[in-house]
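>
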Amino acid sequence: MKADRQRDIIVCEVGPRDGLQMIQQVLPTSVKLGWIAVEAAAGVPEIEVCSFVPPKLLPQFEDAAEVAAGALRHAGLTVTALVPNLKGAERAFASGVHKINFVLSASESHNRSNVRRSSAESLEDFRRIVELRNSRPEWRSIQLCGGISTAFGCTIEGAVAEDAVLKLAGKYVEYGADKLSIADTVGYANPAQVKRMFTRLRQQLGEIEMAGHFHDTRGLGLANVYAALEAGVRSFDATLGGLGGCPWAPGATGNIVIEDLVFLLESAGLNTGVDLDRLLEVRKIVRAALPDVPLHGALAKAGLPKGFGAHRKTANL
Ligand code: ZN
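Under our numbering, residues 7 to 323 are what the sequence shown spells out, in order.
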């Protein structure tokens, strides 16, 4: 379940969570599990399979525990769930997932509209989640990842101060986060900003593992990945076909496309452990299940370049 030593980079599929949370059509549990199964078989090492939010708020995740249980049957797959609060974490711990992504926003207004409380109150919940995890021996191996959304800008507040993100990240580490995830939730980030942010975080926090979560809303998603790579980030979220359009920008592209992300990384000589041909095949399942939802992706349109495949160990990042 932990990072495979042969992989240079961990790509995490967040489609069953981030990709589906704004989609009205509730996918049957069997379809979600079919998607997870073929993607795990294609070599994707980590999948965020659900969100433990109140089902009344998001009927899409009513089956969260069932989906987690089904995903846990795939040996070698790290199964992750998103939780917004302590109650969600209790359900996530009970479900047996390997990793929990807690989320709060760098932007105070975004946090209030998302989880109806201040960022400080959310942090306090995270502290309690760490305590809860540590109180039960069988939960101690569950990884707790502190997520900071709207870290590069916010649709309500506009610019977000880098110092505010650094402060939240510092608190997460102080409270016991095993890992951090820094998210450009609304696609405002640019590569210079991304490189600066991760460099500063690294300087402040040392060796803690960090993940980048980028949206391609304004076309800079993969450029931001490369900037984060250069700043030492080795873990990235993405979704199949770029599912996860922005609710504030109807029709806009969503998360970065996992097929294109894997292509970028493999082209740079970085091993992801993912079989690109098999990954592209997964689109058929999602297209059949969600015929009205646009699937994005350049690689799916153009195909792999002739002769592409062998890992060229030329990366110098
Ligand atoms: Zn996202």
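All C-beta atoms, glycine included, are put in the ideal place defined by N, C-alpha and C.
Remember, predicted model here, so these are calculated numbers, not experimental data.
1) So for residue 24, helix, strand or coil by DSSP?
2) Under the rule that 16 or more other beta-carbon atoms within 10 Å means buried, what is residue 77, buried or exposed?
3) With respect to 7 Å, is the separation between the Cβ of residue 261 and the closest non-hydrogen atom of the ligand ZN below this value?
4) How many angstroms separate the CA atom of residue 7 from the CA atom of residue 51?
5) Does the Cβ-Cβ distance between residue 15 and residue 276 come in under 8 Å?
6) Measuring only from the beta carbon, is residue 189 closer than 7 Å to any heavy atom that is part of the ligand ZN?
7) In the DSSP assignment, find the alpha helix (DSSP H) that holds residue 169 and state where it starts and stops.
8) Name, in chain order, the residues that DSSP records as bridge partners for residue 124.
9) How is residue 12 classed by DSSP in three states: helix, strand or coil?
10) With a cut-off of 8 Å, do at least 3 Cβ pairs link the segment 53–63 to the segment 18–31?
11) If you follow the beta strand (DSSP E) that residue 242 is in, where does it begin and where does it stop?
12) Can you find the residues in the same chain that come closer than 7 Å, C-beta to C-beta, to residue 199, ignoring five residues on each side of it along the sequence?
13) Give the DSSP-derived three-state secondary structure of residue 306 in the structure shown.
14) Just list the alpha helix (DSSP H) runs in the segment 18–95, keeping only unbroken ones of 4 residues or longer that don't cross its boundaries, in chain order.
15) Assign residue 213 to one of three DSSP states: helix, strand, or coil.
16) Mind the definition here: the segment 63–70 touches the segment 103–119 only if three or more C-beta pairs lie below 8 Å; say whether that holds.
17) Here's the rule I'm using: 16 or more other beta-carbon atoms within 10 Å means buried, otherwise exposed. How should residue 251 be labelled?
18) With DSSP as the reference, identify every bridge partner of residue 220, one or two as the case may be.
19) Out of 137, 191 and 202, which has the shortest C-alpha to C-alpha gap to residue 181?
Quick look at the numbers:
1) Position 18 of the sequence shown, counting from 1, holds the residue named residue 24. Taken through DSSP and simplified to helix, strand or coil, residue 24 comes out as helix.
2) Mapped onto the sequence shown, residue 77 falls at position 71. Around the beta-carbon of residue 77, 16 or more other beta-carbon atoms lie within 10 Å, marking it buried.
3) For the purposes of this step, residue 261 is identified with residue 255 of the sequence shown, where counting begins at 1. At least one heavy atom of the ligand ZN lies less than 7 Å from the C-beta of residue 261.
4) Along the sequence shown, read from residue 1 onward, the residue named residue 7 stands at position 1. Along the sequence shown, read from residue 1 onward, the residue named residue 51 stands at position 45. Note that residue 7 scores a pLDDT of 39, beneath 50, so its modelled location is shaky and nothing firm can be said.
5) In the sequence shown, the residue the question calls residue 15 occupies position 9. In the sequence shown, the residue the question calls residue 276 occupies position 270. Yes.
6) Your numbering for residue 189 matches position 183 in the sequence shown. Checking every heavy atom of the ligand ZN against the Cβ of residue 189, one is found closer than 7 Å.
7) For the purposes of this step, residue 169 is taken as residue 163 along the sequence shown, with counting starting at 1. Element bounds for residue 169: 168–181.
8) Reading the sequence shown from its first residue, position 118 is the one you call residue 124. Residue pairing by DSSP places residue 124 opposite no residue, since no beta bridge is assigned to it.
9) Within the sequence shown, the letter at position 6 stands for residue 12. In the structure shown, residue 12 falls within a coil segment according to DSSP collapsed to helix, strand and coil.
10) Output reads yes: the segment 18–31 touches the segment 53–63.
11) Residue numbering aside, residue 242 sits at position 236 when the sequence shown is read from its first letter. 241–244 is the span of the beta strand (DSSP E), which, as asked, contains residue 242.
12) What you label residue 199 is simply residue 193 of the sequence shown in a count that begins at 1. The answer, listed in chain order, is 158.
13) Here residue 306 refers to the residue found at position 300 when the sequence shown is read from its first residue. Here residue 306 sits in helix by DSSP.
14) Counting only runs of at least 4 residues, the segment 18–95 fully encloses the following alpha helix (DSSP H) elements, listed from N- to C-terminal order: 35–47 and 70–77.
15) As a working note, residue 213 is residue 207 in the sequence shown. It is coil, neither helix nor strand.
16) Touching, no.
17) The residue labelled residue 251 in the question sits at position 245 within the sequence shown. Classification for residue 251: buried.
18) Within the sequence shown, numbered from 1, the residue matching residue 220 stands at position 214. When beta bridges are read from the DSSP output, residue 220 appears opposite 190.
19) Taking the first residue of the sequence shown as position 1, residue 181 is located at position 175. For the options 137, 191 and 202, the alpha carbon positioned closest to that of residue 181 is the one of 137.
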